[in-house]
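Protein chains in written order, with my numbering: chain A, 79 to 559; chain B, 113 to 546.
Working notes, beginning with the structure itself.
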């Protein structure tokens, strides 16, 4: 038994590898938030008047709001005046090709295992790299353009496709939706924009890589994906940040719009810096993600692997408006040391015959707290709606917590809703079985944990599935016992 | 506007009768101050998310003065009396000894009205435990109704079993309301000694067309290896407002069963909390039926404080017409409570287009060597089962009634020794299912 304990210990105590800092000259606004800061951000980005107005109204609304505290997490208060709301590497404004991108930046992405060049040549995944507040490079633009797909940074989209942005921005997550979404609407600096035209199946996976680098800044990116009728897109998102003792705020908004018959698959591997063993530092990840199945037979699928961040507050949701639309949520959330995660989903059934599936796997180790919080709401109009929810928690160590807070609200008698949840630890029997077949305790645990998460991992695109499994091993290093 | 309307109640507060002990007046004043500050709970409070109690605030339900209308009460009592049981009867918040039955109680049992015990001198020997019992914090989430109850309770039942006493017959507590716009505020203390055992049937009943407010709080203590089966029959009239809360502490190896049949009332909140010691067990079974515009909120919390405890919660709801049902259950396994075995289950039948169910089963777990699960289903009657019965010559309406009754009766089957009698009460709601 003690041998296993040691193995677990070793497993938990692995380092955070993307924790380095890149030395770069940056163009950073001084800390603080007021209308002038927002005007400055808007001006830096050459935004049209309507964007500035939108930001300002979001800001004014934000001032009237209170920071929410209902989540099962505890953290030191955020001083919104101590954060710098804009930080960008000082380089050529709009690199025409990768050759113009600051080599230091490319090196950073190489170190992170996202070689933009190679990715361009070999992997066949189009990447938009967001560094602190701005997008530094987007690969594969030409090839995508041939298919009619627009994949660019949000700033570029506002400049080049203002009509699309105006039509869809804030249509899923309104500017005043919640405290953090309002803050994001006021100050968001960049992010990715995707538009897939009617009937187009996006020829490759799209990917955005977010990197927080500068100290004392917040990252507020905004992603908008619009899939027009009958189109399909698979989108991946990854994130890392340097190791620092202070906490940094990340308040992103992601909006997905799926029109009739369209499908969006959105996968996230979130690996922001989680803080050290004692809970010093780490990212506050307060994110609003929502998809709107606006048309009939549309489908939105969220898959997330959450291993990073000191505090996670994230509920990727689906509004199932179109008849026969489908929403899916697959999640693995791993917390270790003193990490706290309060994550889950919302499935709002409005259209007839709408279906949703929620599979959530929480793993809690060390002194971490891991909560699933989900809402399934079936409105009166949602005849024959169907929901299946399964949330399982695995506890590793006797000082962590795993919690389940489902909310189920049903107003339609023909709906069928099922919810199941279990909580347990890795059973001695399972471990023993693996060990007597010659597996080391460490391998046995990692095998059992991977098996526990398999239902979710199989939803991830290939490259991500490999990364996710590796990450899971790292996050739990030292926790098995 | 409604923000301050609870002050109507605050203003109606009168210093209690002079024969109340000083410590109780102090408790009441403290509770009143808290109630004045916070009022009744609002839906902004997470634990009250689905229940609006504004109608209670909008009007002032008044406490009875003078003597109770025992004639009207008698008929109501007889409609739901359990044969062969000891009983205490409270009408409109006042104890009615004439209607109560206490003959032949064995030694070591106290079954008395709270007010009369409080009026006795300090030398009586009950003062100390009454004080500690009433002073005890009502557990994890204190809210406006508890403070309201402490400030305003007029009476209540006290049941105390000394070590090793096992009551053969059940004790039925009647809480009858007869006055329109009246209120009854009661506090019951139940204390089960070591190795003692009892069954208590808490019964709420009132006339169908009378609007009244009943708030009844039970403080329950079960000592080592004691056992209590607590039944709650909520049979209030269709215009009644009811808040009922049971707060139990169960010591080592103790057993606490809570069995709820919630059939009446317009706006109902049934709260039950249990705090479990080493290897203590609890079983909570509930059936709630609602129709017309009824709103029934069932709120459960189980705290596993120590190792080896077990809890089983199963509630079923049947919702018709424009009614709304709520199930909020929370199992908390604290860090020391290894080897806990907890299960919570809530199943609901939604039988009308306008009915609604909101359910929130929660697990909060801070220990790793545990077995915890919860499940929820919401659906309709199985059309195949209806068809099967129809194919045997039973008309569709009867078939549906039979299946609905069977759905609820499955829970009543777990009610232990009183299940036969209680099934009869349930069956009265499904005349065709016989």
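The C-beta atom is built at its ideal place from N, Cα and C for all residues, glycine as well.
This structure is a prediction, so every number in the text was calculated from the model and none was measured.
Against chain B, a Cβ distance below 7 Å from residue 516/A picks out nothing, because the smallest value is about 27 Å. Here residue 478/A carries a coil assignment [DSSP, helix/strand/coil]. In the DSSP assignment, residue 427/B forms a beta bridge with 398/B, 458/B.
The C-alpha of residue 447/A lies about 14 Å from the C-alpha of residue 353/A. For residue 476/A, the chain B residues whose Cβ falls inside 8 Å of its Cβ are 447, 450, 479, 480, 481, in order along the chain. Between the beta-carbon of residue 210/B and that of residue 199/B there is about 12 Å, and that puts the pair past the 8 Å contact cut.
Distance from the CA atom of residue 153/B to the CA atom of residue 143/B, rounded to whole angstroms, is 14 Å. Where residue 120/B is concerned, there is no enclosing beta strand (DSSP E), although the alpha helix (DSSP H) around it starts and stops at 119 to 123. DSSP assignment within the region 103 to 149 of chain A yields the following whole alpha helix (DSSP H) runs of 4 residues or more, N-terminal first: 113 to 122, 127 to 141. One thing to note: residue 344/B has its Cβ within 7 Å of the Cβ of residue 314/B.
By DSSP's assignment, residue 330/B forms a beta bridge with 300/B, 358/B. DSSP places residue 455/A in the strand class (E or B) of the three-state scheme. For residue 492/B, a Cβ of chain A is located within less than 7 Å of the residue's own Cβ. Interface criterion not met: the Cβ of residue 441/B is under 7 Å from no Cβ in chain A. Non-local C-beta neighbours of residue 503/A in its own chain, meaning closer than 6 Å and more than five positions away in sequence, comprise 473, ordered along the chain. Scanning chain B for C-beta atoms nearer than 8 Å to the C-beta of residue 481/A yields 474, 475, 476, 477, reported in chain order. Against chain A, the beta carbon of residue 182/B has no neighbour under 7 Å; the closest one sits roughly 44 Å away. If you look at residue 532/A, you'll find it in the alpha helix (DSSP H) that goes 519 to 535.
Taking CB atoms only, residue 508/B has no neighbour in chain A less than 7 Å away. When secondary structure is reduced to three states using DSSP, residue 289/B falls in the coil class, being assigned neither helix nor strand.
Going by beta carbons, residue 386/A and residue 350/A fall inside the 7 Å limit. For residue 513/A, the enclosing alpha helix (DSSP H) has its first and last residue at 506 to 514. Rounded to whole angstroms, the gap between the alpha carbons of residue 271/A and residue 335/A is 12 Å. Judged by DSSP secondary structure, residue 221/A falls within the alpha helix (DSSP H) whose first and last residues are 219 to 225. If the five residues before and after residue 428/A are omitted, its C-beta is found closer than 8 Å to the C-beta atoms of 397, 398, 399, 457, 459, 460, all from its own chain and listed in chain order. Judged by their CB atoms, residue 377/B and residue 352/B are nearer to each other than the 7 Å cut-off. Out of 481/B, 513/B, 328/B, 445/B, the CA that lies nearest to the CA of residue 546/B is found in 513/B.
At a Cβ-Cβ threshold of 7 Å, residue 471/A and residue 432/A do not count as neighbours.
By the Cβ criterion, the region 383 to 394 of chain B is not in contact with the region 521 to 529 of chain B, since fewer than three pairs of Cβ atoms, one from each stretch, lie closer than 8 Å.
The C-beta of residue 367/A has 16 or more other C-beta atoms within 10 Å across all chains shown, which makes the residue buried. Interface residue (Cβ-Cβ distance to chain A less than 7 Å): residue 511/B is not classified as such. Across the region 485 to 500 of chain A, CB contacts with chain B closer than 7 Å involve 485, 486, 487, 488, 489, 491, 492, 493, 494, 495, 496, 497, 498, 499, 500, in sequence order along the chain. With respect to chain A, the C-beta atom of residue 362/B has no partner C-beta closer than 7 Å. Taking a cut-off of 8 Å on C-beta distances, the region 464 to 479 of chain B touches the region 485 to 492 of chain A, as three or more cross pairs fall below it. Contact of residue 498/B with chain A by beta-carbon distance below 9 Å is absent, the smallest such distance being about 14 Å. Between residue 327/B and residue 261/B, the C-beta spacing is below 7 Å.
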